[in-house]
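A short worksheet on the structure shown next.
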Amino acid sequence: MGLMNDSIWSVCRGKREGFVVYRRLGQTCVRSLTNSRASIGARQVEQQERIASLAVFFWALGSAGLKECWQRAEKPRQWNGYNLFVHRNIGAFTGEGTIGDFGKVELTAGRLSLPDNIRLRQEGKRWVMEWENLTELSGDRGNDRMQVALMEGREDRFTVKVCGEWRDGSRPEGGKREEGRLAFRLPAAWRGYGRLYCFMRSENGGEFSPSRYMGQREDFPVGAIKFYN
């Protein structure tokens, strides 16, 4: 059984293909639908739990504006974006439908490449991501932009936030591939979002790179990401 953020509840509640979303003890939950769980093997039950949670995760990416890249990504014939997403992410999930390895989670897919030697450090109230471009850039690839996304820290929650413009009007600084640097802040409201990923997106927003897991708060050089209003 997996849990999801209530912001997705109004979209996902009820029965979907192979799973059901429901409320239990004040939580929004998801589980697989089977006619008789006793009639199928344990491995099949575990696979169904993974698929059910992946379906909710895919919906969550839609509310973060990331689902479309899976539809556009190159994939085998007869596959759709959801099939590709499941194929790339099912190894990250346990038989209980929770995330067992955040390093295997792929939030995005696409033909763009990530830069080299990506690193993260703190600079005052901001976080600074820096990288190198060791491979010669072609065309307008220098205008691709680095983006940062965070997932909730718990293994049974799949909500994703993408850094952008804050309510006070401030914006991340830099971010172009050719600049090799992105400075950003994390709003206090995101305190529970401790798993950080990055990916490249084209200037027109239509193309993506695969994402990379940068770690959780406790892994970063200064010990933790700090959140600011």
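Count the sequence shown with this note's numbering and you get residues 296 to 524, in order. Each residue gets a CB set at the ideal place from its N, CA and C atoms; glycine is no exception.
Report task. For S506, I'd like the list of residues in its chain whose CB is within less than 6 angstroms of its CB, leaving aside the five on either flank, ordered along the chain. Result -> E401, L402, T403, Y492, F494
Query raised in the report: How close, in whole Å, do the beta carbons of G360 and V457 come, if the pair is a contact with beta carbons under 8 angstroms?
Result: 6 angstroms
**Report entry** Closest by C-alpha distance to E473, when choosing among G437, N384, V351
**Finding:** G437
Report task. Compare the Cα-Cα distances from I346 to each of H382, W374, R486, R367 and report the closest residue. Result -> H382
**Report entry** Cβ distance (whole Å) where A387 is taken to contact G395 below 8 angstroms
**Finding:** 6 angstroms
**Report entry** Segments assigned beta strand (DSSP E), at least 3 residues, entirely inside the region 428-459
**Finding:** 440-446, 455-457
Query raised in the report: Of all the CB atoms in chain B, is at least one closer than 8 angstroms to the CB of M441?
Result: The chain inventory of the structure shown lacks chain B, comprising one protein chain alone.
Requested in this report: Let me know the secondary structure DSSP gives R476 once reduced to three states.
Outcome: strand
Query raised in the report: Where DSSP assigns a beta bridge to P505, which residues make up the other side?
Result: Note: P505 sits in no beta bridge, so no partner.
**Report entry** Ordered list of alpha helix (DSSP H) runs contained in the region 373-439, each at least 4 residues
**Finding:** 376-384
**Report entry** Segment contact, 8 angstroms Cβ cut-off, at least three pairs: the region 480-488 with the region 407-425
**Finding:** yes
Query - Beta carbon of E425 nearer than 8 angstroms to that of R476 - result: yes
Query raised in the report: So, helix, strand or coil for E341, using DSSP?
Result: helix
Query raised in the report: Around the Cβ of A368, are there at least 16 other Cβ atoms within 10 angstroms (buried) or fewer (exposed)?
Result: buried
Query raised in the report: With a Cβ-Cβ cutoff of 8 angstroms, do E502 and G390 count as a contact?
Result: no
**Report entry** Limits of the unbroken beta strand (DSSP E) element including R496
**Finding:** 490-496
Query - CA-to-CA distance, N499 to N412, given in whole angstroms - result: 25 angstroms
Query - Reduced DSSP category for K362 - H, G, I as helix; E, B as strand; rest coil - result: helix
**Report entry** Contacts around G469, its chain only, beta-carbon distance under 7 angstroms, and the 5 residues preceding and following it disregarded
**Finding:** R476, L477, A478
**Report entry** For A484 and L415, the rounded distance between their alpha carbons
**Finding:** 21 angstroms
Query raised in the report: Which residue's Cα is closest to the Cα of V455: Y508, Q511, F352, S504?
Result: F352
Report task. Starting from the C-beta of R496, find all residues in its chain whose C-beta is less than 6 angstroms away, skip the five residues before and the five after it, and write them out in chain order. Result -> R440, Q442, F503
Query raised in the report: For P410, is the classification buried or exposed, using 16 other Cβ atoms within 10 angstroms of its Cβ as the cut-off for buried?
Result: buried
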